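Asker:
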DNA sequence: TTGTAGGCGTTATCAG
DNA sequence: CTGATAACGCCTACAA
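Protein chains in written order, with the numbering used here: chain A, 8 to 346; chain B, 8 to 346.
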């Protein structure tokens, strides 16, 4: 089935392409008669505008790009859902790319999206990313960019995050109030802003409660942070630091690793050791013991990021000035069985 | 920063657009000198071809579409990863859409992708889908289509699945061999092929082992199937059918729901009741007790589906005949603590 | 070796 | 109210 074009409709009706185009776009200066004829024929022939041609003319693709570190990830999956929902409302399509936490991939993928001439880009940075020239490339192309979750504070664009520092502070304060005294932290790798902020929140909470910060109680999750990190570090803690009575993990996945290790070797949670996560993955509510954690609104983060991006795309189209926003969405403590 | 075009390079160099184009595409009939000059300038000006124009000329978008029922889903996330990996190899981008298990959305999304003129479409059908005209629309547009996981047997296109019936048969046979006698099945909704096949595998295994099939031991998961289905049906089973000693669930998520209920009310797994899942979600290896299940190779399913799709896209481009494939990938039993 | 011309399908301007 | 014309940026016969 060949695709119908304006030209075909025009010749079949013995009128000009221009008129057909106008009729279909409901221009006022076409007679009701011709308009109707055009519309009818277009419907019969299943006419749909050739998006390639439209893109070329209008210089927009009605498509945005999304780069995330990992797909198999409860939090990011929820973010994507939020983005897709918002995109659908505005008749936009979303191209999704995965950086795999690699800076090099991230860079390449930005180029791909820019070459594709997407109308805007949404990104959460990889854990390796410590310089931001590639982000500036996006801006220099005048392509709207919104960062979320793992952001670069110094890059001049809109951002959607939670207040990681405060959330971590709340979590650790909660543990302290519960009576835990030796609280370890399994932190994320050194670069991502959210990992830094969660660490700082942890530290601040200790200090504000007159507990000396002890760097030997902080363990770095080298990998992603991943389940394995939690498992391996839990082992270390149990053997080398029996005095520890609680662990604040940078992520639920890490926390689940801790729980698994403790379950395997028969360490009682929370009586011997308490575990606190971060993100509120679905999994956390079904493991035993159920994990106390911070609820991080992934879906909302996705929606808000997309919504800001679309606003910026529209402003740009009207040559209106764009004011970058930094949005912080709220979090809350979910108390369950592990603390 | 305005985008560089062939024209700009041409005028700056005082040569024709044609020559520039040829030089950049490494045509043999351009002098080494001019070629070099063009390439150098192109690099300086950061020339990249305008994909809108290329699309229009070549009539291909170097983009494929993917429609899946749900994103927040371990299995589908893995499928997507496989697809993205394969797409990246071939310099293709992927537009992802979520049908939310709704037939109407699925239909609309097909139209979106077709209008976008993607070069091919990958799909797993929604649970509601029971007629396939919309899929035929794809084929009538001459757009390659590959179905995976939840497929329509009657539609004439390539398919990638596992052998759901055999996998279910294996699972239930395993339970029987383990000595379980009253085995219930929490099945998926009535339409999806994989839900039907898993049910049939369950039934066949019973029959082949001289256990009378009892329809009152089969419970339908109305929702997705979802965690809640498992939880609610487990409650029913425990109260109304205390004779049941094992449950074969259509999905890990359902199985996890069962486990959660049993844990809450103090029913011992597997001694009082055994639980067997399907899919091998990550979660299943970290809950307590760890879930026995069927390993379903999501990543491979994604890779294979994409790979077939790209092959068909290429064949079509060369006007070569396409032979549709139906691939079945292998599964295996993962024995853990719940059985 | 280089360049001219036409076209991909649509939209916008401007004249009739 | 209608249509001719040009342009978006690139590609490719075909000429020169």
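Yeah, the Cβ is synthetic: ideal placement off N, Cα and C, and Gly gets one too. Just so we're clear, the structure is a prediction, and the values are computed from it rather than from any experiment.
Whole-angstrom Cβ separation of residue 88/B and residue 331/B, contact assumed at under 8 angstroms?
Answerer: Indexing the second chain from 1 puts residue 88/B at position 81. Indexing the second chain from 1 puts residue 331/B at position 324. Wrong, their Cβ atoms sit about 25 angstroms apart, outside the cutoff.
Asker: So with CB distances below 7 angstroms, who are the chain B contacts of residue 55/A?
Answerer: Counting from one through the first chain, the residue named residue 55/A turns up at place 48. In chain order: 122.
Asker: Just how far apart, CA to CA, sit residue 174/B and residue 291/A?
Answerer: Sequence index remark: in the second chain, residue 174/B carries index 167 (1-based). Sequence index remark: in the first chain, residue 291/A carries index 284 (1-based). Rounded to whole angstroms, residue 174/B to residue 291/A spans 29 angstroms at the Cα level.
Asker: Can you tell me whether residue 127/B is helix, strand or coil according to DSSP?
Answerer: Counting from 1 along the second chain, the entry for residue 127/B is found at position 120. Under the three-state reduction of DSSP, residue 127/B is assigned to strand.
Asker: Provide the residue(s) that pair with residue 72/B in DSSP beta bridges, ordered along the chain.
Answerer: Residue mapping note: residue 72/B aligns to position 65 of the second chain, counting from 1. Answer is 102/B, 128/B.
Asker: For residue 171/A versus residue 126/A, is the C-beta distance shorter than 8 angstroms?
Answerer: Residue mapping note: residue 171/A aligns to position 164 of the first chain, counting from 1. Residue mapping note: residue 126/A aligns to position 119 of the first chain, counting from 1. No, the pair does not count as a contact, with Cβ atoms beyond the cut-off.
Asker: Find the nearest neighbour of residue 111/B within the set 84/B, 98/B, 142/B, 94/B, judged by alpha-carbon distance.
Answerer: On the second chain, residue 111/B is found 104 positions in, with the first residue counted as 1. Ranking 84/B, 98/B, 142/B, 94/B by Cα distance to residue 111/B puts 142/B first.
Asker: Check for me: the alpha helix (DSSP H) holding residue 259/B runs from which residue to which?
Answerer: For the purposes of this step, residue 259/B is identified with residue 252 of the second chain, where counting begins at 1. Its alpha helix (DSSP H) spans residues 259-272.
Asker: Would residue 119/B pass as an interface residue toward chain A - the criterion being a Cβ-Cβ separation below 8 angstroms?
Answerer: Counting from one through the second chain, the residue named residue 119/B turns up at place 112. By this cut-off, residue 119/B is an interface position.
Asker: Find the residues of chain A that neighbour residue 267/B, judging by a C-beta separation of less than 8 angstroms, and give them in chain order.
Answerer: For this step, residue 267/B is matched to residue 260 along the second chain. Near residue 267/B (Cβ distances below 8 angstroms), the residues of chain A are 293.
Asker: Please classify residue 81/A: does DSSP put it in a helix, a strand, or coil?
Answerer: Taking the first chain and counting its residues from 1, one reaches residue 81/A at position 74. Three-state result, residue 81/A: helix.
Asker: Within 8 angstroms (strictly less), CB to CB, does residue 355/B reach chain A?
Answerer: As displayed, chain B neither begins before 8 nor continues past 346, which places residue 355/B out of reach and without an answer.
Asker: Taking only beta-carbon atoms, is residue 60/A less than 8 angstroms away from chain B?
Answerer: The residue labelled residue 60/A in the question sits at position 53 within the first chain. Residue 60/A counts as touching chain B.
Asker: Write down the C-beta distance between residue 341/A and residue 287/A rounded to the nearest angstrom, noting that I regard them as a contact closer than 8 angstroms.
Answerer: The residue given as residue 341/A occupies position 334 in the first chain. The residue given as residue 287/A occupies position 280 in the first chain. Residue 341/A to residue 287/A, Cβ: 6 angstroms. Contact.
Asker: Which two residues bound the contiguous alpha helix (DSSP H) that contains residue 306/B?
Answerer: Numbered from its first residue, the second chain carries residue 306/B at position 299. First-last of the alpha helix (DSSP H) with residue 306/B: 305-324.
Asker: Ignoring anything shorter than 3 residues or poking outside the stretch 150-175 of chain B, list the beta strand (DSSP E) runs there in chain order.
Answerer: Residue ranges of uninterrupted beta strand (DSSP E) with 3 or more members, entirely inside the stretch 150-175 of chain B and ordered along the chain, are 152-155, 165-169.
Asker: Between the C-alpha atoms of residue 103/A and residue 198/B, what's the straight-line distance to the nearest angstrom?
Answerer: Numbered from 1 along the first chain, position 96 holds the residue referred to as residue 103/A. Numbered from 1 along the second chain, position 191 holds the residue referred to as residue 198/B. Whole-angstrom Cα-Cα distance: 30 angstroms.
Asker: Run through DSSP, which three-state label would residue 190/B get?
Answerer: Walking along the second chain from the start, residue 190/B turns up at place 183. Note: residue 190/B maps to strand in three-state DSSP.
Asker: Closer than 8 angstroms, CB to CB, is residue 290/A near chain B or not?
Answerer: For the purposes of this step, residue 290/A is identified with residue 283 of the first chain, where counting begins at 1. Yes - at least one Cβ of chain B is within 8 angstroms of the one on residue 290/A.
Asker: Hey, residue 216/A and residue 180/A: beta-carbon distance below 8 angstroms or not?
Answerer: Against the first chain, residue 216/A aligns to sequence position 209. Against the first chain, residue 180/A aligns to sequence position 173. Yes. Within cutoff.
Asker: So, residue 109/B versus residue 133/B, is the Cβ gap smaller than 8 angstroms?
Answerer: The sequence position of residue 109/B within the second chain is 102, counting from 1. The sequence position of residue 133/B within the second chain is 126, counting from 1. Yes, Cβ-Cβ distance for residue 109/B and residue 133/B is below 8 angstroms.
Asker: Are the stretch 45-61 of chain A and the stretch 57-65 of chain B touching by the rule of at least three beta carbon pairs closer than 8 angstroms?
Answerer: yes
Asker: What is the DSSP secondary structure of residue 177/B, counted as helix, strand or coil?
Answerer: If you number the second chain from 1, residue 177/B lands on position 170. In this structure, residue 177/B counts as helix in the three-state DSSP scheme.
Asker: For the stretch 192-233 of chain A, which segments carrying the alpha helix (DSSP H) assignment without a break, of at least 4 residues, lie completely within its bounds, in sequence order?
Answerer: 200-215
Asker: Please confirm if residue 171/B has its CB atom under 8 angstroms from at least one CB of chain A.
Answerer: Mapped onto the second chain, residue 171/B falls at position 164. Answer no: the Cβ-Cβ gap between residue 171/B and chain A never drops below 8 angstroms.
Asker: Buried or exposed: where does residue 13/A fall if 16 or more other Cβ atoms within 10 Å of its Cβ makes it buried?
Answerer: Mapped onto the first chain, residue 13/A falls at position 6. Buried, by the Cβ-count rule.
Asker: Is it true that the stretch 43-57 of chain B meets the stretch 16-32 of chain B, where meeting means three or more beta-carbon pairs spaced less than 8 angstroms apart?
Answerer: When C-beta atoms of the stretch 43-57 of chain B are compared with those of the stretch 16-32 of chain B, three or more pairs fall below 8 angstroms, so the two segments count as touching.
Asker: Which residues mark the beginning and the end of the beta strand (DSSP E) in which residue 336/A is found?
Answerer: Locating residue 336/A in the first chain gives position 329, counting from the first residue. It spans 333-336 - the beta strand (DSSP E) in which residue 336/A sits, taken as one unbroken run.
Asker: Among the candidates 123/A, 261/A, 182/A, whose CA atom is the shortest distance from the CA of residue 69/A?
Answerer: Mapped onto the first chain, residue 69/A falls at position 62. Checking every option, the nearest Cα to that of residue 69/A belongs to 123/A.
Asker: Would you please verify whether the beta carbon of residue 91/B is less than 8 angstroms from any beta carbon of chain A?
Answerer: The residue labelled residue 91/B in the question sits at position 84 within the second chain. It does: the Cβ of residue 91/B has a partner Cβ on chain A nearer than 8 angstroms.
Asker: Please state whether DSSP places residue 25/A in a helix, a strand or coil.
Answerer: The residue you call residue 25/A lines up with position 18 of the first chain. Reduced to three states, the DSSP call for residue 25/A is helix.
Asker: Rounded C-beta distance between residue 71/B and residue 322/B? I'm assuming under 8 angstroms.
Answerer: One-based indexing of the second chain puts residue 71/B at position 64. One-based indexing of the second chain puts residue 322/B at position 315. Incorrect: roughly 15 angstroms between the Cβ atoms, too far for contact.
Asker: Should residue 81/A be flagged as near chain B, meaning a C-beta pair shorter than 8 angstroms?
Answerer: Along the first chain, read from residue 1 onward, the residue named residue 81/A stands at position 74. The beta carbon of residue 81/A sits closer than 8 angstroms to some beta carbon of chain B.
Asker: I'd like the list of long-range same chain contacts for residue 67/B, defined as Cβ closer than 6 angstroms, with 5 residues on each side in sequence excluded.
Answerer: Here the question's residue 67/B lines up with position 60 in the second chain. Counting only residues of its own chain and dropping the five nearest sequence neighbours on each side, residue 67/B has a CB closer than 6 angstroms to the CB of 126.
Asker: Pick from 176/B, 201/B, 186/B, 177/B: whose alpha carbon is nearest that of residue 154/B?
Answerer: In the second chain, the residue the question calls residue 154/B occupies position 147. Measuring from the Cα of residue 154/B, the nearest candidate turns out to be 201/B.
Asker: Chain A partners of residue 225/B, CB-CB under 9 angstroms?
Answerer: Locating residue 225/B in the second chain gives position 218, where the first residue counts as 1. Going along chain A, no residue has its Cβ under 9 angstroms from residue 225/B, so there is no contact; the nearest lies around 24 angstroms.
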